[in-house]
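So the protein sequences, as listed, match chains F and Z.
Quick note on our numbering: the first sequence kicks off at 2 and runs consecutively.
Quick note on our numbering: the second sequence kicks off at 2 and runs consecutively.
Where a beta carbon is used, it is the ideal one built from N, C-alpha and C, also for glycine.
Report on the structure given below.
Number of protein chains: 2
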Amino acid sequence: MVLLSGGMDSATTLAIARSRGHPVVTLSVQYGQRHQRELRSARALSRHFGAREALEVVVPLGKISPSALTTPGARVPKDRRSLSRAASTIPSTYVPARNTILLGLALAVAETRRAEAIYLGVNAVDYSGYPDCRPAFLSAFGRLARLATARGVEGRGSPTIEAPLLHRTKTEIVRWGERLRVPWKLTWSCYEGGRRPCGHCDSCRLREKGFREAGVADPLVDPPKRARR
Amino acid sequence: MVLLSGGMDSATTLAIARSRGHPVVTLSVQYGQRHQRELRSARALSRHFGAREALEVVVPLGKISPSALTTPGARVPKDRRSLSRAASTIPSTYVPARNTILLGLALAVAETRRAEAIYLGVNAVDYSGYPDCRPAFLSAFGRLARLATARGVEGRGSPTIEAPLLHRTKTEIVRWGERLRVPWKLTWSCYEGGRRPCGHCDSCRLREKGFREAGVADPLVDPPKRARR
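Below you can see the structure in the form of structure tokens.
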């Protein structure tokens, strides 16, 4: 069971789950992101990696807990001075309790499919200051999962929480994805949903840094690679 | 912040939160229940108790994790031999990871409203064998909440999880609700959504037992009380 947003981290996480020989089910949650571009990427990646099921569910979080990522017209921060400084404060793109809700939904899917593991692409190194991307949060969710499910109660185990990218830099993620032949052109990272990435939001800048430092061309923005297509 | 299904337990929980002097926000989640009757009850109860906001969100869980409660046409168990025997197995009305998801959504609301507490009407005595209605589950969620939120990270505390009915029998719940003048006629407990409760599902039978043992007339089913309206 892989939580798949359609971004480069969850795409790499899906590739890792497949490389370990697991058959996979993907779950993409539309929680009121401001665009559908990510979901199109998630569908394409699920097809590419041969997911048994590609589940989608709409949860309109913006209605109950507004955030810059879920509110039409809200401003997404651009060109913040420093991305490492960014990690010390919680930005307006923080979606309250997002990973708790996403993992809850993943747990429901894992329970009905008897999945052994829930994979997700969270990252605690080059992250944007979100509290629910930290290792302690994931451990606590793993403990909760054992108590929350019929399988846990009946002694048949509960899914483990697998976050293989947790301690990797974006550069290491690009290198790992390259080895697993992740089709980067199918992924989408930008907080905006235009035809091309904006290049200025936190997500675009982390992606750009990762590709640059790994010495890999990003097919979404790199002109030479675009010309070859 | 009160999770309000519209049943007698969550109605009593809302009355308890109000009696403690809290201003309240209610959240009702339509997770693909087979009827809208409960949601109508939730709206009426929110009005009755003067909730500052009565939030509603639709999360189509039946699409990703089928259960007898969320699948059209699935059979809800009727007249099971014994309700205490029922508690030793997990029935088909169990909605996988339901309370994890509901509490995740409640946490999002609590975070944006800076709520001090999340109240929910779960009950571990006369329950129907659901794993996520147990005290250990709620403690684990409380720990998770401290790690999952911006407030927790920034040292401004996180909402406590309040389940005042956890160790109460249905009979005690009816008595407590009576003292707080819960308008039982606005509540709805039946798993089916007809004009009158079916009287045969687990939920109807637990409710009937509670009212009978408390010596209180249930306005939804009791003919003398109905005649007086």
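- At least 8 Å separates the CB of F/D10 from every CB of chain Z.
- The count of Cβ pairs closer than 8 Å, one atom from the stretch 131 to 145 of chain Z and one from the stretch 137 to 157 of chain F, reaches three, so the stretches are in contact.
- A residue is called buried once 16 or more other Cβ atoms fall within 10 Å of its Cβ, and F/S20, having fewer, is exposed.
- Chain-ordered listing is empty here: chain F has no CB closer than 7 Å to the CB of Z/I119, the nearest sitting near 11 Å.
- Annotation for Z/L103: L4 and V30 place their beta carbon closer than 6 Å to its own, counting only its chain and skipping 5 residues before and after.
- F/P61 has its alpha-carbon roughly 25 Å from the corresponding atom of Z/G51.
- Scanning chain Z for C-beta atoms nearer than 7 Å to the C-beta of F/G105 yields A98, T101, I102 and G105, reported in chain order.
- With a threshold of 16 other beta carbon atoms within 10 Å, F/D80 falls short and is exposed.
- The beta carbon of Z/E214 is closer than 6 Å to those of T172 in its chain, skipping five residues each way along the sequence.
- When only Cα atoms are considered, F/K64 and Z/L28 end up about 11 Å apart.
- Under a criterion of Cβ atoms nearer than 7 Å, the residues of chain Z adjacent to F/D133 are, in order, A149.
- With a minimum length of 4 residues, the unbroken runs of alpha helix (DSSP H) contained wholly in the stretch 18 to 70 of chain F fall at 38 to 49 and 62 to 65.
- The beta carbons of F/V26 and F/R53 sit closer together than 8 Å.
- Look at Z/T14 here: in three-state DSSP terms it is helix.
- Taking the beta carbon of F/L62 as reference, the chain Z residues within 7 Å of it are A109, listed in sequence order.
- Where Z/A215 is concerned, the enclosing alpha helix (DSSP H) starts and stops at D203 to A215.
- No Cβ of chain Z is located within less than 8 Å of the beta carbon of F/T188.
- Counting every other CB atom within 10 Å of its CB across the protein chains shown gives Z/E39 a total of 16 or more, marking it as buried.
- Closest in C-alpha terms to Z/I174, from the list Z/A118, Z/V59, Z/G105 and Z/A125, comes Z/A125.
- Chain order gives the chain Z residues near F/A141 as R144, L145 and L148, where near means a beta carbon separation below 7 Å.
- Within chain F, the C-beta atoms nearer than 8 Å to that of Z/E112 come from S66, P97 and A98, in chain order.
- For F/K79, the beta-bridge partners assigned by DSSP are F/C202.
- Just so you know, the alpha carbons of Z/D133 and Z/Y192 end up roughly 18 Å apart.
- At least one beta carbon of chain Z lies nearer than 8 Å to the beta carbon of F/A137.
- Comparing alpha-carbon positions, the option among Z/L106, Z/R196 and Z/G216 lying closest to Z/A149 turns out to be Z/L106.
- Residues of chain Z with a Cβ closer than 8 Å to the Cβ of F/L56 are, in chain order, K64 and I65.
- By the neighbour-count criterion, in which 16 or more other beta carbons inside 10 Å mark a residue as buried, Z/P24 falls on the exposed side.
- In this structure, F/S47 and F/T188 do not form a Cβ contact; the two beta carbons are roughly 12 Å apart against a cut-off of 8 Å.
- The beta carbons of F/A55 and F/Y120 sit no closer together than 8 Å.
- Residues of chain F whose Cβ lies closer than 8 Å to the Cβ of Z/L28 are, in chain order, I65.
- Of the candidates F/V110, F/T13 and F/A151, F/T13 places its Cα closest to the Cα of F/E179.
- Around the beta carbon of F/R152, a 10 Å sphere encloses 16 or more other beta carbons of the protein chains shown; the residue is thus reported as buried.
- In the assembly as shown, F/R206 is a buried residue. Its beta-carbon has 16 or more other beta-carbons within 10 Å.
- Within the same chain, no residue comes within 7 Å of Z/E155 by CB-CB distance, once the 5 residues on both sides are set aside.
- Beta-bridge partners assigned by DSSP to Z/E163: Z/Y120.
- Distance from the CA of F/R208 to the CA of F/D223, rounded to the nearest whole angstrom, comes to 12 Å.
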